[in-house]
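The block underneath contains the structure these notes are about, expressed in structure tokens.
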Amino acid sequence: MAKISKKKKVVATATAALVAVSLAIGGSVLVPKKSVQNVVPPIEQVAIIEQTPVPSATPKPLPSKTPKATPKPTKAPAVEVKVTPTPAPAPLTTLELFGISGKTIVEGTYAIKKVDRNKSELSIDIPKSLNADLYELYLNGQYVDKQLLPNGRILAPPLIFTVPELIELRIFKLQEVIAVGKLKDGKLTIAVKDGVISE
Amino acid sequence: MNKILIKSMCLALLFCFVLATPIFVSSSSVNYNVNLYEGGRIDITGNLSSGAGKQITLLVLKNNVGISSSTIVFIDQQATTTNGTFLFRFTLPSALRGTTLDFKIGGEDLTVSLQKTLTIPDFPININSVENNSVRVGIDAYQMESSYYIADNVVNSIIEGGNTIYYKIGDRWYNLLDTRATSAEFLIPANAVNPTTVSAWLLDTWYPRGGFGSMKFDPILLY
């Protein structure tokens, strides 16, 4: 029994060695192929980079229409072509900033009351369904003040309220912006974040 | 017998814990943040789980000392609003620079008060300390909510510091006596006073929002 097992061991080690050798050979054969495949794409990428300026440099009709302005196009292609493909990113609106789609709009009311020569106050009334607890006042995108809802009134110089359309209200629920309001024509138009009212 | 006794005692203890737990847990919970801004301005916002219309009290004390009139820095009470939300705002006196303070919140439906501890840095009192929605009149600065922002005080500020009125929003100052300042359209960043000019202002008294009446500006120019 012992002899048979020894034979089996020898056979097993031999086959293992064979497998290892074949794997090594196979591996060595495969590796160079992969490396060859990797070499190709960078060359293609370089080619693409070189090609990009060529199609964009197509202001050929211009010189023929304006023969007197021939010296200018020679300088233009190199500079102008680089500027045009990079469109300036549009600044985020407040709605985009807080992930408000603008699909849900509700209406509220506002009142501006003169307190004295130096002060006026803003009060707002918004639907209870918002469950809002705080609002912040912004003028021309600049933070002015904040107050609790529903009764908080913001005191400010009368000048602040002369153009209500420039005022924006950010409305909060549990420290999260849930809506943005704009004052217009005596009404408060509120864009509400999706899902807030149904909750 | 001993084993039975021990087992029964363990069970009894377990039941005690189960029954006692609701007694020790308050019927309402509160969470709040203490925010410190330039010039020692403090905002405390939070929510009480039991909702609106509950009285909530803020007590600010010097750290690790008993409650007495000399250790109470600030005390205020208000009713919670929608969602149990509350907001306390005040400005610390400059004498409290460098001290450690406890901010305790207690109130209706809360069986225990909660505490947060904050060490106040050595903050300067200058024009940058003044919060938005404030005016600089003559030699003084007033927050719009300050009870000191009345005609008599404004006249005195102008007499001492000249006829100047500036207004702060968006961390910028605007000259309200500028001939173009006829509507809110004037209040855009392009028309703001140069920050270097603002830093050169040498002012006397700051009347912040609520809490404490006034405090003197540091007599040092910023530039």
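Going down the list, the protein sequences come from chains B and E.
With the working numbering, letter number 71 in the first sequence gets 71, and the count goes up by one each step, no holes.
Counting the second sequence from 1 gives a position; the working numbering is that position plus 1000.
The beta-carbon is built from N, C-alpha and C at its ideal position, and this holds for glycine as well.
Since we're looking at a predicted model, the values are computed, not measured.
Test item: CB-CB of residue i and residue j under 7 Å
i: B:Leu174; j: B:Gly181; result: no
i: B:Ile167; j: B:Leu139; result: yes
i: E:Val1030; j: E:Leu1058; result: no
i: B:Leu95; j: B:Ala191; result: yes
i: E:Ala1052; j: E:Thr1100; result: no
i: E:Gly1039; j: E:Ile1125; result: yes
i: E:Gly1098; j: E:Asp1122; result: yes
i: E:Phe1090; j: E:Phe1103; result: no
i: E:Leu1118; j: E:Val1060; result: no
i: E:Ile1165; j: E:Leu1176; result: yes
i: E:Arg1209; j: E:Glu1145; result: yes
i: E:Leu1087; j: E:Ser1028; result: no
i: E:Ser1214; j: E:Tyr1207; result: yes
i: E:Ile1044; j: E:Thr1080; result: no
i: B:Ser120; j: B:Phe161; result: yes
i: B:Pro164; j: B:Leu183; result: yes
i: B:Leu169; j: B:Tyr135; result: yes
i: E:Trp1201; j: E:Ile1120; result: no
i: E:Ala1151; j: E:Arg1172; result: no
i: B:Ile171; j: B:Ser129; result: no
i: B:Gln142; j: E:Gly1170; result: yes
i: E:Val1130; j: E:Val1154; result: no
i: E:Ser1147; j: E:Lys1168; result: no
i: E:Gly1105; j: E:Leu1114; result: In the sequence on display, residue 1105 of chain E carries Ile and not Gly. Yes. Within cutoff.
i: B:Ser101; j: B:Asp194; result: yes
For residue j and residue i, believed in contact at Cβ under 8 Å, the rounded distance
i: B:Thr109; j: B:Asp133; result: Contact flag wrong, Cβ pair sits at about 18 Å.
i: B:Leu155; j: B:Val144; result: B:Leu155 to B:Val144, Cβ: 10 Å. No contact.
i: E:Tyr1174; j: E:Ala1184; result: Actually they are not in contact, since the Cβ atoms of E:Tyr1174 and E:Ala1184 sit about 10 Å apart, beyond 8 Å.
i: B:Pro127; j: B:Val106; result: 5 Å
i: E:Phe1217; j: E:Leu1203; result: 5 Å
i: E:Tyr1032; j: E:Gly1046; result: 3 Å
Reduced DSSP secondary structure (H/G/I, E/B, other) of residue i
i: E:Ala1184; result: helix
i: E:Thr1214; result: Here the sequence assigns Ser to residue 1214 of chain E, which means Thr is not the residue at that position. Three-state DSSP puts E:Ser1214 in coil, outside helix and strand.
i: B:Asn131; result: coil
i: B:Asp194; result: coil
i: B:Gln176; result: Strictly speaking, residue 176 of chain B in this sequence is Glu, with Gln absent from that position. DSSP places B:Glu176 in strand when its eight states are reduced to three.
i: E:Ala1200; result: coil
i: B:Leu159; result: helix
i: E:Leu1110; result: coil
i: B:Thr94; result: helix
i: B:Ala111; result: strand
i: B:Ala76; result: With a pLDDT of 44 at B:Ala76, under the threshold of 50, the predicted position of this residue should be treated as unreliable, though the coordinate-derived value follows. If DSSP states are grouped into helix, strand and coil, B:Ala76 belongs with the helices.
i: E:Leu1176; result: coil
i: E:Gly1161; result: helix
i: B:Leu166; result: helix
i: B:Lys182; result: strand
i: B:Pro71; result: Because the pLDDT of B:Pro71 is 44, which lies under 50, any placement of that residue in the model is unreliable, and the question is left without a value.
i: E:Thr1205; result: strand
Beta carbon proximity, residue i to chain D, threshold 7 Å
i: E:Glu1038; result: Among the protein chains in the structure shown, which are B and E, there is no chain D.
Just list the beta strand (DSSP E) runs in the region 1120-1157 of chain E, keeping only unbroken ones of 3 residues or longer that don't cross its boundaries, in chain order.
Listed in chain order, the complete beta strand (DSSP E) runs (minimum 3 residues) inside the region 1120-1157 of chain E are 1134-1137 and 1140-1143.
Which full runs of the beta strand (DSSP E) of 3+ residues lie inside the region 1030-1103 of chain E, going along the chain?
Look at the region 1030-1103 of chain E and you find these whole runs of beta strand (DSSP E), each 3 residues long or longer: 1030-1037, 1041-1048, 1055-1062, 1072-1079 and 1085-1091.
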